[in-house]
Amino acid sequence: MDPSLFTRSVLLVAEKNMRIYYYKGAVVIFGLLFPFLMFLTFFIGRNLNLVLFFPAFLGMMLFFSSSSTGPLITPWEKREKTYERLLSLPVTLESIILGDILAGALFGIVITTIVWSAGSLILHLPLAHPLLLAVTLILGGFTFAALGTLLSSPAMSNPSNVMMVSNLIRLPLIFVSGIFIPLSQLGSWAWTNEVSPLTYLVDLFNGAINGNAVYPAGLDIIVLVVVILLFIGSAKLIQQYNLSKGI
Amino acid sequence: MDIIKADNLSKSFGSFRAVDNVSIAVKEGEIFGFLGPNGAGKTTTIRMLTGVLTPDTGSARICGIDINKHPLEAKLKMGIIPENGTVYSDLTAEQNILWTAKFYGMDSISRKKRADEILSYLGLTDRRNDIVRTFSKGMRQRISIACAIVPSPPVLFLDEPTGGLDVFSRRLVLDTIRRMNDEGSTVFLTTHNIEEANELCTVISVINKGKIVATGSTERLKKTFDTTKYVEIAFEQPVKKEWLESGGVFRVENHGDKWRLYTDDPDPAVKYLAALAEREHLKIISVATSTPTLEEAFVQLTGGA
Ligand SMILES: Nc1ncnc2c1ncn2[C@@H]1O[C@H](COP(=O)(O)OP(=O)(O)OP(=O)(O)O)[C@@H](O)[C@H]1O
Ligand SMILES: [Mg+2]
Chain H
76 MDPSLFTRSV LLVAEKNMRI YYYKGAVVIF GLLFPFLMFL TFFIGRNLNL VLFFPAFLGM
136 MLFFSSSSTG PLITPWEKRE KTYERLLSLP VTLESIILGD ILAGALFGIV ITTIVWSAGS
196 LILHLPLAHP LLLAVTLILG GFTFAALGTL LSSPAMSNPS NVMMVSNLIR LPLIFVSGIF
256 IPLSQLGSWA WTNEVSPLTY LVDLFNGAIN GNAVYPAGLD IIVLVVVILL FIGSAKLIQQ
316 YNLSKGI
Chain Z
2 MDIIKADNLS KSFGSFRAVD NVSIAVKEGE IFGFLGPNGA GKTTTIRMLT GVLTPDTGSA
62 RICGIDINKH PLEAKLKMGI IPENGTVYSD LTAEQNILWT AKFYGMDSIS RKKRADEILS
122 YLGLTDRRND IVRTFSKGMR QRISIACAIV PSPPVLFLDE PTGGLDVFSR RLVLDTIRRM
182 NDEGSTVFLT THNIEEANEL CTVISVINKG KIVATGSTER LKKTFDTTKY VEIAFEQPVK
242 KEWLESGGVF RVENHGDKWR LYTDDPDPAV KYLAALAERE HLKIISVATS TPTLEEAFVQ
302 LTGGA
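As you go down the protein sequences, you meet chains H and Z in turn.
Residue numbering for the first sequence is 76 to 322, as defined by the numbering used here.
Residue numbering for the second sequence is 2 to 306, as defined by the numbering used here.
Now the structure itself:
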């Protein structure tokens, strides 16, 4: 397979997703409003040190924003019957999956970057490792965009069902990922957090901004890369299986 | 060289064999009609030929490129109207066409030029910037066709391109197919309109219950099934049925003001009728002999199923 053809198809699938799905209500609500509301309910008016908690908030923001387009796209296209058209263009299943992930990741990365910039201006956030922050934004965006695409992979063609199921899975994750209670204060409960990939993202943000990560940055990065590959691989297997049973 | 070549394609859904060992060869420049009753396996076959579904067994080549081994390269050779694949209703007519063109590596100037050309040909120039959601079914189908032909592909796969269209839209679609064929595209199409297939196609394959039951030129298929012959005649005066049962006629039916006389050979029947009219002083209003139709061939091949 010609790599330039493949890259082109990934970018074009992403372009289509950006034009269509960024503006869908569910994406705006669960990707933008939701994390802000969570932030308001949990952090405001509690005399917490916002600077200390901001990395966790960024993690939550990136998590929600980048994982909210993915669950929508494939079910929406199956319902609208554009999925067959998409498949008959010069694409492969892999280019569709990667194009969906790319669009989701960009959505999350851009929004979280804006939130970080606003936070830096208002709260005068420190910035311990600028390069690490950039890596974190990108890696986190792709990890949770891949999660979003994985969540859309079961053969449901009703977008609202998929959104519901994906929130059932996404919501509990933020409670076990060192967002509301910093990892360093969890003590013997730390294991519950170790299974959530979001933990490693929040840890990276802590390291990049405040310079007080729990794990070495290299470990966080390796975990996220492995998780991305796992999510993409499972999404591909599930979608391939569904496709073998017909459109 | 066969521009579309499929060998022993099969596909099952669960234990149901939707397509059973189908082989197809289409020569460059042909308009190939793929006919069959509902559920025969036409769409499933097209999906395998176009790389949308992976066959359980068998293989397919488009312009010599294996669709399952080199899907991107093979798909670049084709334009497709999927069975119920509408275009993106959140994009405008023009956005749909331009975005599709990008997949085929057309540069921005030729994309724009080709889109202008197609939009004007399909009568959609003044709606080009409207969101497709606001379009009627016929207009959406025209956009679907626009997307299929925008790269001027060597091969066009059209799954019921005229389904649900009015006469004018249908004419436009048929003209577009002919025009693309004139410009060098080989066409593979399914339709339920036998008249349309008769008018358009050079070669026809009939599929029934997942198996190909006949392939050949339209005329040859018609000849094969040239078995039912009759003479249809109308007289100004009332006639007795018994009068007509002669001259090699084995069955007489009354159809409105006409009589239909079934025979193995129309020649003596017509001669007899002329003599009868002469003898009984009857005035003949009309007389016609049956010509075999593709529809009859189709019904016989598929057992009316
Ligand atoms: N995804 C699927 N799951 C199960 N059965 C399927 C699936 N897709 C098609 N079939 C079955 O395969 C058979 C062939 O279907 P196909 O759509 O290819 O028929 P067709 O010839 O295109 O019919 P039509 O003229 O109605 O479009 C049908 O019996 C259909 O029920
Ligand atoms: Mg069909």
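Glycine included, each C-beta is placed from N, C-alpha and C at the ideal position.
I'd like the span of the alpha helix (DSSP H) that includes residue i, first residue to last.
i, result
"aspartate 266(Z)", "Run containing aspartate 266(Z): none; DSSP gives neither H nor E here."
"glutamate 31(Z)", "No alpha helix (DSSP H) contains glutamate 31(Z), which DSSP labels as neither H nor E."
"isoleucine 110(Z)", "109 to 122"
"glycine 174(H)", "168 to 198"
"valine 250(Z)", "It is not in any alpha helix (DSSP H) - valine 250(Z) instead sits in the beta strand (DSSP E) that spans 250 to 256."
"methionine 136(H)", "125 to 141"
"arginine 192(Z)", "Note that residue 192(Z) corresponds to threonine in the displayed sequence, not to arginine. Here threonine 192(Z) belongs to no alpha helix (DSSP H), and DSSP marks it neither H nor E."
"glycine 106(H)", "Glycine 106(H) -> no alpha helix (DSSP H), and no H or E assigned at all."
"asparagine 242(H)", "234 to 250"
"alanine 220(H)", "205 to 227"
"alanine 310(H)", "292 to 319"
"proline 150(H)", "145 to 155"
"threonine 274(H)", "272 to 284"
"tyrosine 105(Z)", "Element bounds for tyrosine 105(Z): n/a, residue is neither H nor E."
"arginine 180(Z)", "168 to 183"
Tell me the rounded alpha-carbon separation between residue i and residue j.
i, j, result
"leucine 120(Z)", "glutamine 96(Z)", "12 angstroms"
"alanine 298(Z)", "leucine 73(Z)", "38 angstroms"
"glutamate 44(Z)", "leucine 87(H)", "In the sequence on display, residue 44(Z) carries threonine and not glutamate. Straight-line Cα distance between these residues: approximately 26 angstroms."
"isoleucine 197(H)", "leucine 137(H)", "19 angstroms"
"threonine 63(H)", "phenylalanine 132(H)", "With chain H covering 76 to 322 only, the question about residue 63(H) has no answer from this structure."
"valine 253(Z)", "leucine 222(Z)", "27 angstroms"
"serine 99(Z)", "threonine 149(H)", "First, the residue type needs correcting, since residue 99(Z) is leucine and not serine in the sequence shown. So the alpha carbons of these two residues sit roughly 22 angstroms apart."
"alanine 306(Z)", "isoleucine 213(Z)", "Reliability fails at alanine 306(Z), whose pLDDT of 49 lies under 50, so the model's placement of it is uncertain and the value that follows must be treated cautiously. Answer to the nearest angstrom: the Cα atoms are 14 angstroms apart."
"asparagine 9(Z)", "serine 60(Z)", "7 angstroms"
"serine 145(Z)", "arginine 171(Z)", "14 angstroms"
"aspartate 266(Z)", "glycine 217(Z)", "25 angstroms"
"threonine 93(Z)", "leucine 157(Z)", "23 angstroms"
"asparagine 255(Z)", "valine 207(Z)", "33 angstroms"
"phenylalanine 189(Z)", "lysine 12(Z)", "20 angstroms"
"glutamate 84(Z)", "proline 162(Z)", "8 angstroms"
"leucine 71(Z)", "glutamate 184(Z)", "Looking at the sequence shown, residue 71(Z) is not leucine but histidine. When rounded, the distance between both Cα atoms is 26 angstroms."
"isoleucine 5(Z)", "valine 300(H)", "42 angstroms"
"isoleucine 68(Z)", "threonine 167(H)", "11 angstroms"
"proline 152(Z)", "methionine 76(H)", "21 angstroms"
"valine 190(H)", "serine 137(Z)", "43 angstroms"
"isoleucine 178(Z)", "lysine 113(Z)", "21 angstroms"
"serine 319(H)", "leucine 312(H)", "11 angstroms"
"glycine 215(H)", "proline 247(H)", "18 angstroms"
"isoleucine 63(Z)", "leucine 54(Z)", "15 angstroms"
"arginine 83(H)", "phenylalanine 104(Z)", "7 angstroms"
Could you name the residues of chain Z that residue i contacts, counting a contact when the two beta carbons are closer than 9 angstroms?
i, result
"isoleucine 95(H)", "Tyr89, Asp91 and Leu92"
Assuming residue i is part of the beta strand (DSSP E), what are its boundary residues?
i, result
"threonine 216(Z)", "212 to 218"
"leucine 157(Z)", "156 to 160"
"lysine 99(H)", "Run containing lysine 99(H): none; DSSP gives neither H nor E here."
"leucine 10(Z)", "3 to 14"
"valine 151(Z)", "Premise fails: valine 151(Z) is in no beta strand (DSSP E) and is neither H nor E."
"methionine 79(Z)", "79 to 82"
"isoleucine 205(Z)", "204 to 209"
"tyrosine 231(Z)", "231 to 236"
"isoleucine 286(Z)", "285 to 290"
"arginine 62(Z)", "58 to 63"
Along chain H, in chain order, which residues have C-beta atoms closer than 7 angstroms to that of residue i?
i, result
"isoleucine 81(Z)", "Ser163"
So which residues of chain H does residue i contact, with C-beta pairs closer than 8 angstroms?
i, result
"phenylalanine 14(Z)", "Lys320 and Gly321"
"asparagine 85(Z)", "Lys156 and Glu159"
Along chain H, in chain order, which residues have C-beta atoms closer than 9 angstroms to that of residue i?
i, result
"threonine 51(Z)", "Leu162 and Ser163"
Can you determine whether any heavy atom of ligand 3 sits closer than 6 angstroms to the C-beta of residue i, and answer yes or no?
i, result
"glutamate 254(Z)", "Only ligand 1 and ligand 2 can be found as ligands here, which leaves ligand 3 out of the picture."
query = Looking at chain Z, which residues of the stretch 136 to 166 of chain H have a Cβ within less than 7 angstroms of any of its Cβ atoms?
reply = Glu155, Lys156, Thr157, Glu159, Arg160, Leu162, Ser163, Leu164 and Pro165
ask   = Name the residues in the stretch 77 to 93 of chain H whose C-beta lies less than 8 angstroms from a C-beta of chain Z; which are they?
value = Asp77, Leu80, Phe81, Arg83, Ser84, Leu87, Glu90 and Lys91
query = Listed from N- to C-terminal order along the chain, which residues in the stretch 54 to 76 of chain Z have their beta-carbon within a distance smaller than 8 angstroms of any beta-carbon of chain H?
reply = Leu54, Thr55, His71, Pro72, Leu73, Glu74 and Lys76
key: Within 8 angstroms of chain H by C-beta, residues of the stretch 95 to 114 of chain Z in sequence order   = Gln96, Trp100, Thr101, Lys103, Phe104, Tyr105 and Gly106
task = Could you name the residues of the stretch 32 to 45 of chain Z whose beta carbon sits closer than 7 angstroms to any beta carbon of chain H, in the order they occur along the chain?
result = none
message = Can you tell me which residues fall inside 7 angstroms of ligand 2, judged by beta-carbon distance to its nearest heavy atom, and keep chain order?
response = Lys43(Z), Thr44(Z), Glu84(Z), Asp160(Z), Glu161(Z) and Thr191(Z)
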